[in-house]
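Novice: Pasting a structure below so you can have a look.
There are 2 protein chains.
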Amino acid sequence: MTEAPTGSSPTLRDVATEAGVSAATASRALNGSTRNVSPEKLALVLQAAAKLGYAPNLSAQATARGSTKTIALIIHDLADPYFSSIAAGAIEGAEAAGLTVTMAVTDRSPDRELEIVSTLRGHRPHAIILGGSRIGDDHAALARELQAYEAAGGRVAVVSQPALPYGTVTIDNHHGAEELATALVAHGYRRFAVLRGPDALRTSRDRADGFLAGLARAGLDAPDRIETEFTEDGGHAAMTRLLDRGLDGLELVFAVNDVMAIGAMRALRDAGLVPGRDLAIAGFDDISAATDVTPALTTVGVPMHAMGLRAIELALAGNDPGEVVRLPTTVVLRDSTPRHRIDSQM
Amino acid sequence: MTEAPTGSSPTLRDVATEAGVSAATASRALNGSTRNVSPEKLALVLQAAAKLGYAPNLSAQATARGSTKTIALIIHDLADPYFSSIAAGAIEGAEAAGLTVTMAVTDRSPDRELEIVSTLRGHRPHAIILGGSRIGDDHAALARELQAYEAAGGRVAVVSQPALPYGTVTIDNHHGAEELATALVAHGYRRFAVLRGPDALRTSRDRADGFLAGLARAGLDAPDRIETEFTEDGGHAAMTRLLDRGLDGLELVFAVNDVMAIGAMRALRDAGLVPGRDLAIAGFDDISAATDVTPALTTVGVPMHAMGLRAIELALAGNDPGEVVRLPTTVVLRDSTPRHRIDSQM
DNA sequence: CTGAAAGCGCTAACAG
DNA sequence: CTGTTAGCGCTTTCAG
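Printed below as a string of C-alpha cells:
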C-alpha cells in the first residue's frame with residue numbers, strides 16, 4: 001500500500017521562522033500558557049500559522065506530552081440503533097471535553113474485541129470505553145489487557161457490563177422487566193410467553209428473569225420461554241414456532257429486546273394476525289423503530305444516549321474505580337398492548 | 001528482569017533490554033523487515049514483548065515515520081441509520097486494510113465540519129472521508145482546508161457530494177427517483193405530492209427533481225411540493241399540513257427520504273387513516289426501518305454500506321483524483337404502494 | 001545481521 | 001517574556 005508521505009505539512013518551526021521567533025515561543029503562542037507571550041509576538045505567530053495553514057502534528061504533540069486527547073470507543077455493531085445511540089452519546093460527551101473519539105467495532109466477536117483493545121492501547125488514549133454487553137462470560141484475557149492499560153495510567157469505563165472491575169454505567173434490566181410485567185398484569189393480561197436470547201447473554205437472562213419475577217409477584221405461573229437469536233430474525237422465527245404450535249389462549253408475548261419484538265410482530269402479520277389485537281407484544285430498549293411500527297410497541301425505555309455520555313464522564317472523572325452508575329428505565333405502554341378485557345382473567 | 005515502572009507503559013527500550021538486544025533490533029523484530037533479524041533474537045524479542053505486555057506507542061511511531069495508520073471519518077449524525085450504515089461500511093473497509101478509524105460527527109453544521117477537518121488534519125491521517133452530503137453550497141473554506149491536507153500528501157474521499165474535486169462515491173439520486181416515479185405510474189398512480197427537504201440540500205433537490213422528471217416523462221403534471229425538515233418530524237408535520245388542507249384526490253405521497261416517509265405514515269395514522277390504503281406512501285434510502293413499518297415502505301434502495309466501503313477503497317487506491325463512483329439504486333416496491341385501481345386513471 | 005547515532009515535530013524545564 | 005537545550009518513543013540510515 002502506498003505510504004503517502006506527509007512531508008510537506010508546515011511544521012512548528014516553519015511557523016516560528018515565518019514569524020521571526022523561536023519554536024518555543026511559537027509553541028507557547030499556539031498552545032501553552034498564552035499568558036506568557038507578548039501580544040505582538042502572539043499576533044505574529046497566529047498570523048504566520050494562518051498564512052501557512054498550519055495544523056499542529058497531534059502525534060508529535062502526543063509523544064512529547066506523553067498523553068493524548070483521544071478516547072477510544074469500542075462497540076459491537078454500528079448499524080444497531082442500540083449501540084449507535086450509545087456511541088452518539090459518548091461522542092457528544094467526548095467532544096464536550098475537547099477529546100476526539102477513536103472507534104472500533106467488534107462485530108460481537110470477543111476475540112476481535114480483545115485484539116482491538118490491544119491495538120487501541122497503542123494509541124495511548126485518555127480512556128477506553130467498552131460500549132455494550134459482552135457475549136460470553138470469559139473475561140480473563142480481556143481483563144488482563146485492560147489491566148495493563150490501566151496500570152499504565154489509562155482510564156476504563158464500561159457500558160452495561162457490570163462484570164468488569166471498572167466504572168460502569170448500566171441499567172437494571174431485571175427491575176425494568178419486572179416493572180413491565182407488573183404494568184402488563186395491571187392492564188389485564190394473564191397468559192404470557194417470553195422470547196429470550198441465548199442463555200450466555202447476561203442481558204437477556206436478566207430481562208427474562210425479571211419478567212418472571214414480576215409475574216410471580218402477581219401470583220402468576222411462570223410462562224413459556226422460547227430461546228432464539230437476539231435479532232429480528234430470531235424474534236420472527238420464535239414467533240413462527242409459537243404459532244405453529246398453537247397459541248392456546250396466549251395473550252401477550254414479551255421479547256427481551258425491541259428488534260426481536262418487531263420480528264415477532266412481522267411473524268404475526270405473516271400469519272394473517274394483527275399484533276396488539278390478536279396477540280399483544282412487548283419489547284425492551286425503546287429504540288426509535290418502536291414508535292415506527294404499527295401498532296407502536298410497548299417497551300421499556302433505556303437511556304442509551306445518556307449511558308454513552310455518562311460513561312465518558314465516569315472515565316474522565318476517575319474517582320471511584322469500580323463505581324457503578326445505574327440509570328433508570330421507564331415502562332412505556334403503547335398500542336401493542338392495549339388494555340385487556342377483564343373476562344380473560346383466568 | 002526489568003519491571004515496568006508503574007504509571008507508564010513499557011517502551012521499546014524496555015523490551016530491548018529485557019531481550020538483551022538493541023532498540024533498533026527490537027524495532028525491526030516487532031515491525032520492520034522481519035527478514036533481517038535472526039530467528040533467535042526475533043524469538044527473544046517477541047517473548048520479551050509478550051512478557052511485558054508491550055504495545056507500541058502509535059503516536060511515537062507516527063511521528064517517527066511521518067505517517068499514520070488511521071483514517072478519519074466525518075459523519076453528520078451517528079444516530080441516523082443512513083450515516084451509521086455508511087460509517088459501518090467505512091470501518092469495515094478500513095479494518096480490512098489494517099487501518100484504524102477516527103470519527104467525528106458534525107451534527108449537520110458546516111462550521112463544525114470545517115473545524116473538525118482542521119483538527120483531524122492534525123492527526124495526519126492516511127485519508128479523510130467525508131461521509132454524507134453537505135448542507136450548504138458554500139464549500140470555499142472547506143475546500144481550502146482539504147486542499148492543504150491533500151497538498152501535504154493526504155487522501156480525501158467523499159460520499160455523496162459530487163461537488164468537491166476528490167474521489168467521490170455517490171448514487172444517482174435523480175435517476176433513482178425518476179425510476180421510482182415510473183414504477184409508481186405503472187402501478188396505476190396518477191395524483192402525487194412530494195415532501196422535500198430544505199432547498200439547500202442537494203440530495204433533496206435531486207430526488208424531488210428526479211421524481212418530477214419521471215412523472216413528466218409519463219405525461220403527468222408537476223405535483224404539489226411541500227418543503228419541510230429532512231427528518232421524521234418534518235415528514236409528520238408536512239403530512240399533517242397536507243391533511244389539514246384536504247387530500248383532494250391525492251393518491252400517493254413521495255417523501256425524499258425514508259424517515260420523512262415514516263413520519264408521514266405516522267401522521268396519517270394519527271388522523272385515523274391507513275397508509276397504503278387511504279393514501280400510498282413512498283420514500284428513499286431503504287433504511288432497515290422501511291421493512292419494520294406497516295405497511296412496509298416502498299422506497300429506493302441505496303447501498304449505504306457499500307458506499308462507505310468504496311469510499312475507503314477510493315481513498316486508498318488514490319489513482320484518479322476526481323474519480324466518481326456511481327453506485328446503483330434499486331426501486332423496491334412494497335405494501336405502502338399497492339397496485340392502484342384502474343378506474344382512477346381518469 | 002546488528003548496534004550507534006541522528007532525527008520526526010513538539011513540549012518543557014532552564015537560564016537569561 | 002523568550003531562546004536554548006533536552007528529551008518523548010520510535011524508526012532509520014550508516015557503519016561495522
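Residue numbers (the UniProt record's numbering), protein chains in the order written: chain X, 1 to 346; chain V, 1 to 346. Just so you know, even glycine gets a beta-carbon here, dropped at the ideal spot from N, CA and C.
Count the other CB atoms within 10 Å of the CB of V331(V); is the residue buried (16 or more) or exposed (fewer)?
Specialist: buried
Novice: With H, G and I counted as helix, E and B as strand and the rest as coil, what does DSSP make of R207(X)?
Specialist: helix
Novice: Just verifying my parser: in three-state terms, what is the DSSP assignment at T170(V)?
Specialist: strand
Novice: Please report the distance separating the alpha-carbon of I129(X) from that of A222(V).
Specialist: 52 Å
Novice: Using a threshold of 8 Å, state whether the C-beta atoms of S160(V) and T203(V) are closer than that.
Specialist: yes
Novice: How far does the beta strand (DSSP E) with T330(X) in it extend, from its first residue to its last?
Specialist: 330-332
Novice: When you compare the CB of I91(V) with every CB in chain X, is at least one pair closer than 8 Å?
Specialist: yes
Novice: Should M239(X) be flagged as near chain V, meaning a C-beta pair shorter than 8 Å?
Specialist: no
Novice: Give the interface partners of L58(V) over in chain X, defined as CB-CB distance under 7 Å, in chain order.
Specialist: Here the neighbours are G122, H123.
Novice: Going by DSSP, what residue range makes up the alpha helix (DSSP H) through E150(X)?
Specialist: 140-151
Novice: Does any CB atom of chain V fall closer than 8 Å to the CB of D292(X)?
Specialist: yes
Novice: Can you check whether the CB of L73(V) is closer than 8 Å to the CB of M103(V)?
Specialist: Going by C-beta atoms, M103(V) is nearer than 8 Å to L73(V).
Novice: Step through the CB atoms of chain V and report whether any lies within less than 8 Å of the CB of M103(X).
Specialist: yes
Novice: Below 8 Å, can you find three or more Cβ-Cβ pairs linking the stretch 231-239 of chain X to the stretch 256-268 of chain X?
Specialist: yes
Novice: Pull up the DSSP beta-bridge partners for D224(X), would you.
Specialist: A193(X)
Novice: For A19(X), would you say it is in contact with chain V, using Cβ-to-Cβ distances shorter than 8 Å as the test?
Specialist: no
Novice: Less than 8 Å between CB atoms is the rule here; does I262(V) satisfy it with respect to chain X?
Specialist: yes
Novice: When the distance is taken between beta carbons, is L314(V) closer than 8 Å to V169(V)?
Specialist: yes
Novice: Okay, do the stretch 85-97 of chain V and the stretch 23-33 of chain V touch, 3+ Cβ pairs below 8 Å being the bar?
Specialist: no
Novice: Quick one: what does DSSP say D285(X) is sitting in, helix, strand or coil?
Specialist: strand
Novice: Which residues mark the beginning and the end of the beta strand (DSSP E) in which L73(V) is found?
Specialist: 70-75
Novice: In or out: D14(V) buried (at least 16 other Cβ within 10 Å) or exposed?
Specialist: buried
Novice: Roughly how far, in whole angstroms, is the beta-carbon of V253(V) from the beta-carbon of A208(V), given that I think they are within contact range, below 8 Å?
Specialist: Not confirmed; about 12 Å, so no contact.
Novice: Could you run through the stretch 148-171 of chain X and flag, in chain order, every residue whose CB is less than 7 Å away from some CB of chain V?
Specialist: A148, A151, A152, G153
Novice: Along chain X, in chain order, which residues have C-beta atoms closer than 8 Å to that of R269(V)?
Specialist: T294
Novice: Of all the residues that make up the stretch 62-83 of chain V, which are near chain X by a beta-carbon distance shorter than 7 Å?
Specialist: A62, T63, G66, S67, T68, L78, A79
Novice: With the cut-off set at 8 Å, would you say L99(V) and T70(V) are in Cβ contact?
Specialist: A contact, by the Cβ cut-off of 8 Å.
Novice: What does DSSP give as the partner residue(s) for A55(V) in the beta ladder?
Specialist: The partner list for A55(V) (beta bridge, DSSP) is empty, contrary to what the question assumes.
Novice: Just verifying my parser: in three-state terms, what is the DSSP assignment at F230(X)?
Specialist: coil
Novice: Return yes when the Cβ of I171(V) is within less than 8 Å of the Cβ of R326(V), no when it is not.
Specialist: Yes. Within cutoff.
Novice: Taking 8 Å as the threshold (C-beta atoms), are G167(V) and P303(V) in contact?
Specialist: no
Novice: Does the Cβ of V324(V) have 16 or more other Cβ atoms within 10 Å, making it buried, or fewer, making it exposed?
Specialist: exposed
Novice: Relative to the C-alpha of A216(X), which candidate in A43(X), T182(X), G132(X), E40(X) has its C-alpha closest?
Specialist: Cα-wise, what sits closest to A216(X) is T182(X).
Novice: With a floor of 4 residues, list each alpha helix (DSSP H) that falls wholly inside the UniProt domain "HTH lacI-type" (10-65) of chain V, ordered by position along the chain.
Specialist: 12-19, 23-30, 39-52, 58-65
Novice: So, at 6 Å on beta carbons, what are the nonlocal neighbours of D77(X) in its own chain, with the 5 sequence-adjacent residues on each side left out?
Specialist: F83
Novice: Answer with buried or exposed for E251(X), where buried requires no fewer than 16 other C-beta atoms within 10 angstroms of its C-beta.
Specialist: buried
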